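S.K.: Protein chains in written order, with numbering that gives the first Met the number 0: chain A, 0 to 97; chain B, 0 to 97; chain C, 0 to 469; chain D, 0 to 469.
Here a beta-carbon is modelled for each residue, glycine too, at the ideal position from N, C-alpha and C.
Note that this is a predicted model, so its numbers are computed, not measured.
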Amino acid sequence: MPEGFISNLYVFVLAGFLGFEVIRRVSPLLHTPLMALTNALDAIVVVAAIIIAGRKGTALSEILGAIAVAAAFSNMVGGFLITDRMLRMFKLSGRKKQ
Amino acid sequence: MPEGFISNLYVFVLAGFLGFEVIRRVSPLLHTPLMALTNALDAIVVVAAIIIAGRKGTALSEILGAIAVAAAFSNMVGGFLITDRMLRMFKLSGRKKQ
Amino acid sequence: MNTTMMHLSSYQYLTDFAYIIAIAFFILSLKWLSSPATARRGVFVGEVGAAIAVVTTFFNPELVQFKWILIALLIGVIIGIPLGLVQMTAVPQRTAMSHAFGALAAAVIGISEYYMRIPHITKFEMVEISLEVIIGSLSFTGSLIAAGKLQEWLPQRPMVYKGQNYVSFTVLGLAVASMFVLIFNPTTAWFFPAMVIISLIFGIMLVTPIGGADMPTVIALLNSYVGLTAALLGFVLNQKVLVVAGALDGSSGFILAVIMCKAMNRSFTNVLFGAFGQLQVSAKGEEEEKIVHTASPEEAAAILGAANTVLVVPGYGMAVAQAQHKVKELYDTLTKKGVDVKFGIHPVAGRMPGHMNVLLAEADVPYDKLIEMDDANGEMAQTDVALIIGANDVVNPSAKTDQGSPIYGMPIIEVNNARTVMVIKRSLNPGFAGIDNPLFYLDNNLMLFGDAKSFVGNIVRELSGAAVGA
Amino acid sequence: MNTTMMHLSSYQYLTDFAYIIAIAFFILSLKWLSSPATARRGVFVGEVGAAIAVVTTFFNPELVQFKWILIALLIGVIIGIPLGLVQMTAVPQRTAMSHAFGALAAAVIGISEYYMRIPHITKFEMVEISLEVIIGSLSFTGSLIAAGKLQEWLPQRPMVYKGQNYVSFTVLGLAVASMFVLIFNPTTAWFFPAMVIISLIFGIMLVTPIGGADMPTVIALLNSYVGLTAALLGFVLNQKVLVVAGALDGSSGFILAVIMCKAMNRSFTNVLFGAFGQLQVSAKGEEEEKIVHTASPEEAAAILGAANTVLVVPGYGMAVAQAQHKVKELYDTLTKKGVDVKFGIHPVAGRMPGHMNVLLAEADVPYDKLIEMDDANGEMAQTDVALIIGANDVVNPSAKTDQGSPIYGMPIIEVNNARTVMVIKRSLNPGFAGIDNPLFYLDNNLMLFGDAKSFVGNIVRELSGAAVGA
Ligand SMILES: NC(=O)c1ccc[n+]([C@@H]2O[C@H](COP(=O)([O-])OP(=O)(O)OC[C@H]3O[C@@H](n4cnc5c(N)ncnc54)[C@H](OP(=O)(O)O)[C@@H]3O)[C@@H](O)[C@H]2O)c1
Ligand SMILES: NC(=O)c1ccc[n+]([C@@H]2O[C@H](COP(=O)([O-])OP(=O)(O)OC[C@H]3O[C@@H](n4cnc5c(N)ncnc54)[C@H](OP(=O)(O)O)[C@@H]3O)[C@@H](O)[C@H]2O)c1
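#1: Around the C-beta of residue 419 of chain C, are 16 or more other C-beta atoms found within 10 angstroms, so that it is buried, or is it exposed?
#2: Using a Cβ cut-off of 9 Å, which residues of the region 34-46 of chain C contact any Cβ in chain A, in chain order?
#3: By the criterion of Cβ-Cβ separation under 7 Å, what are the contact partners of residue 14 of chain A in chain B?
#4: With a threshold of 7 Å (Cβ to nearest heavy atom), would residue 352 of chain D be considered close to ligand 2?
#5: Short of 7 Å in beta carbon distance, which residues of its chain neighbour residue 425 of chain C, apart from the five on each side in sequence? Order them along the chain.
#6: Does residue 470 of chain C come out as helix, strand or coil in the three-state DSSP assignment?
#7: Consider the Cβ of residue 5 of chain A: report whether some Cβ of chain D lies at a distance smaller than 8 Å.
#8: Using the DSSP secondary-structure output, state which residues sit across from residue 557 of chain D in a beta bridge.
#9: One question on the structure: do residue 432 of chain D and residue 312 of chain D come within less than 8 Å of each other, judged by their Cβ atoms?
#10: Verify whether the separation of the beta carbon atoms of residue 294 of chain D and residue 445 of chain D is less than 8 Å.
#11: Taking 8 Å as the CB-CB cut-off, is residue 279 of chain D touching chain A?
#12: If you check the beta carbons only, do residue 25 of chain B and residue 83 of chain D fall under 8 Å apart?
#13: Helix or strand or just coil, what does DSSP make of residue 54 of chain A?
#14: For chain B, check one thing: does any of its Cβ atoms lie closer than 8 Å to the Cβ of residue 314 of chain D?
#15: Less than 8 Å between the beta carbons of residue 352 of chain D and residue 209 of chain D, yes or no?
#16: Tell me the rounded alpha-carbon separation between residue 303 of chain D and residue 379 of chain D.
#17: At a threshold of 7 Å, does residue 431 of chain C count as lining ligand 1 (C-beta to nearest heavy atom)?
#18: For residue 23 of chain D, decide whether its Cβ has a neighbour in chain A, counting only Cβ atoms nearer than 8 Å.
#19: Note down the Cα distance separating residue 2 of chain B from residue 374 of chain D, rounded to an integer number of angstroms.
#20: For the alpha helix (DSSP H) containing residue 441 of chain C, name the first residue and the last one.
#21: Taking 8 Å as the limit between beta carbons, can you name the residues of its chain near residue 358 of chain D, skipping five residues before and five after?
#22: Kindly identify the DSSP beta-bridge partner or partners of residue 132 of chain C.
#23: Out of curiosity, what's the CA-to-CA distance linking residue 400 of chain D and residue 356 of chain D?
#24: Can you tell me whether residue 58 of chain A sits near ligand 1, meaning its C-beta is under 7 Å from at least one heavy atom of the ligand?
#25: Report the neighbours of residue 33 of chain B on chain A: residues whose CB is nearer than 8 Å to its CB, in chain order.
#26: What's the gap between the Cα of residue 85 of chain B and the Cα of residue 32 of chain B?
#27: Starting from the beta carbon of residue 368 of chain C, find every residue of chain A whose beta carbon is closer than 7 Å, and list them in chain order.
#28: Name, please, each residue of chain D whose Cβ falls closer than 8 Å to the Cβ of residue 65 of chain B.
#29: Given residue 51 of chain C, which residues of its chain have a CB within under 7 Å of its CB, disregarding the five upstream and five downstream residues?
#30: Give the residues of chain C in contact with residue 48 of chain A, contact being defined as C-beta atoms less than 7 Å apart.
#31: By Cβ distance, which residues of its chain are closer than 8 Å to residue 28 of chain B, with the 5 residues on each side in sequence left out?
#32: Is there at least one non-hydrogen atom of ligand 1 closer than 7 Å to the beta-carbon of residue 399 of chain C?
#33: Near residue 211 of chain D, what residues of its chain come up, given a Cβ to Cβ distance below 6 Å and the 5 sequence neighbours on each side ignored?
#34: Run the CB neighbour count on residue 187 of chain C, radius 10 Å, all protein chains shown included, and call it buried at 16 or more, exposed below.
#35: Is the beta carbon of residue 178 of chain D less than 8 Å from the beta carbon of residue 129 of chain D?
#36: Just checking residue 18 of chain D against ligand 1 - is the residue's beta carbon closer than 7 Å to any of the ligand's heavy atoms?
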């Protein structure tokens, strides 16, 4: 088995449980921003893409890497942007304050 | 840094967050059994103790290992036992059923 | 050489710590999203986490060229900003597009890793890479089709033919077969591109037959596939930050899909292979003459103005008509008159989870006035008027009463228990589920026929006119 | 040699998977503990997880002798079973003992690792091992002292002298200094045992000055230290199952300690270094003649029998008097008469979190009758009689009204808002916080002086006698 497989499995199991616990608590009010935000967070694959694109490799790997960087980074930028835009719209009524 | 340190750190951070999320939801009704159960689960150090006690080593390490096995295993046995005893006592009133 | 090694290893610790911090920030980000009060802080902390991870990566000593990276990042910004600025009504297709991008990024990295590693690739690595590339590729094309349907570039209706499921699964079988060939002979080179292409085709075949209205569930499922792909990529590259982010993303999509299915009282299998909305055997046999009461904007305005408590139940029609701003005007006018107005939000009202909340928030309706289905039902007996705006299935009482109905068992907002019910829609036509709604024929129900935006506008004019006149 | 290697590596995969399954089961176990309906399933799945992990470990090819292991396991069973069968009233000291065992196990493994690894030990390993051994050792002796205080083998009162905190921290400083010596010269051998002994002494010094009544918070904190020790041991041994179990245990102890501190409106620092309950500057200056109303068991029985709704608020006195079974009889008698009886449970009533719940559950009071503080306060206005049984601080209204009170700001069960209040205790003496309770002098309050068990017994007899007589 490749290096780190078991520790990756631990991490996967724990993060899966954690995601389940945390996301179950997200208010249904915010399910649309939730989808946008998890998209932006998932775009962290850009860090792997940067290395593929920039390290010594074949022309193919550089091109594929650059495609991955562009695709992932557009998700990161767009995802955070739209999440924040949506959340800015949620306001309390004048009377109540939290 | 020793082997696995970083992956252990990942695991620690994730398990810490997860513990926080899960335990925060435990009903105050069950805080006493909770203490007993986490004690029993923590007694999983017995698996490390077994190896220390049983592998080729010095007399010191065998003795220390055996002490650790006895201490941890008594926690495991006693902890599960008392948790179950306590939980068996919690009953609903006749009328309601869940 | 030795200095590079040193350089590499101390850099390695730096990244490891930076990535762990990023992950902790990501988790906090999702935790803080649990309530609107802390949600923006959540986005901020997520951005900081992502920035830390990206910036640290730039100092990786393995990087030998930056030109392509910078150009690609620039392209990412150029695509990303418009994708972040789309109209709220375009959010479903935007989400589908971002799944496509996410899947694309993960899939091409997997492909590149394959070509970097052959011929020295273990069986185990080959399994990981193949699974990653198969799921990534099918999610890519599947998401594109979903986006196309939602944008109405592709036909929304389910497109099915006989034996379709068999054909689809044969195609998937081919992809898996290629994987097995590759595991034992990783260098039988054309099998790899074949596997990729077959997976791309399978993604198209998976989503095309599903009706446009089922796309939200499909998108949530694709979301979980994209997360799974990222996590698998983390296994391939031994990058735990990807494993965690992928697992979080994947569980999010999965949970949303489960919530939607539960709220529709349907199973995953039924959504994916049921071609819902296609063969509606509507029980039109017993077509009796049913009486429908209607009302004009003036009458509706009078009824609303006289009420103490009003529950507005918005649905897909409000989104289609872009009526949310007019609805906000109605809310303001009634509130000023001392009427207590609340909005009852069904979990699957509209065409994506949280759809109504976002639209109403966009129109500045305060979010503490948006209440969930169960709370709305609890207050129904004290509700004078339930005003349904472009909703249909989510208030269909046959979900409670008619065992034969395809939506039987789906939880609904029980507006029929309010004193008076008014329904704004253009006709008696069915909604998404394609079934008749007995609510429309109840004695305490008034139909307000018309486009949601203009009808609500007319009510507001009447109410304000009356106020000015008075 | 090669076969052993093979053997080792395939065994390694087996354990890794077994431990991951164990961890998943542990997490489910804690998740299911969230409600009484699923809690026993939680214990079962935890047991299965632990069994899987332990059994798998037995097949470790590194193991060369089993005799000591089996003897030690047997000793573990012999000690563990009685520890699992203690009386419910002895649970606090039992918990302290099990922390001591947990800390002992982790500490001695750390010590053994040190002697196995020297002289080939890196600085980093030395840091890990030293921290593990220091925290484990101080938790061991600290927990023993806590157990001794709770069992009343040691004096319960806080034992303090001037400058104590300085002395304690000097001792801790010595332990840390030994650690630094060891990091740079791991083989300066006597420094290691010195560090262990100093840590053991520090544990004693840490807990001895704290009053017996503060032990529950101390126990919860020690719980989190024990968890931390196990997690650190996981780092030392590169055993992720220990890291996870330790982190879960540690966060549990920490959360319970936070809950207790919040419910007492005190800080960690105050609990650990405040020597609470020692210097009570009771504001007895303005000693005016206050009127106390009392009542006999007959009168109390008549009032209870005439009530529609009764809220029982149990406290530490019920535990001391072992009155829970009599309380259950009272519950049965009143319920049979048609009186609605509920129990209002304050989060820190008694001397450990959940104390009252366990005692009442032991006496077969159904748990849906046990309601939390906030719910109890919500229903207080509709409560005819609030019957306080051996509680004091948790119903002290000066927490709400008297800014100068040491418990000011602590949330309480506001029994003073019930129509009639009755308090069973032996005298007007203060409770844990050592302060006077203005509740006792209110006009709607009746003191029922006597031991909780016998007084409740008398009420029950009166009520049944009356029933038989009628
Ligand atoms: N939210 C989700 O995540 C999600 C996901 C998957 C599926 N779904 C499904 O989508 C449905 C949502 O229910 P719903 O009640 O919101 O919508 P619906 O049942 O689809 O009904 C929408 C109604 O709006 C009316 N309408 C359309 N355009 C209008 C306009 N311009 N002005 C006024 N009315 C207009 C239509 O009637 P006329 O044609 O007569 O005007 C239609 O009956 C459910 O069946 C749900 O299961 C939702
Ligand atoms: N639960 C926890 O986790 C925890 C942790 C740390 C600290 N604490 C503290 O402990 C206190 C708990 O409050 P509490 O109201 O439960 O208890 P309390 O304030 O300590 O009062 C208990 C009362 O019970 C009475 N009592 C003792 N023996 C009795 C007997 N045999 N029969 C009848 N009455 C008897 C005593 O009065 P007489 O002497 O007049 O009979 C005493 O005033 C709080 O101050 C809390 O902060 C709790």
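M.R.: In this structure, then:
#1: buried
#2: 34, 35, 36, 38, 39, 41, 42, 43, 45, 46
#3: 13
#4: yes
#5: 448, 449, 450
#6: Residue 470 of chain C lies beyond the stretch modelled for chain C, which goes from 0 to 469, so this question has no answer here.
#7: yes
#8: Outside the displayed range of chain D (0 to 469) lies residue 557 of chain D, so it cannot be described from this structure.
#9: no
#10: yes
#11: A caution first: residue 279 of chain D carries a pLDDT of 43, below 50, which makes its placement in the model unreliable, though a value can still be read off. So, not an interface residue.
#12: no
#13: strand
#14: no
#15: no
#16: 16 Å
#17: yes
#18: yes
#19: 52 Å
#20: Run containing residue 441 of chain C: none; DSSP gives neither H nor E here.
#21: 87, 88, 313, 317, 318, 323, 349
#22: DSSP output for residue 132 of chain C lists no bridge partner at all.
#23: 28 Å
#24: no
#25: The premise fails here: residue 33 of chain B is roughly 16 Å from chain A at the closest Cβ pair, so nothing lies under 8 Å.
#26: 7 Å
#27: 92
#28: 67, 68, 70, 71
#29: 17, 20, 21
#30: 104, 108
#31: 89
#32: no
#33: 148, 155
#34: exposed
#35: yes
#36: no
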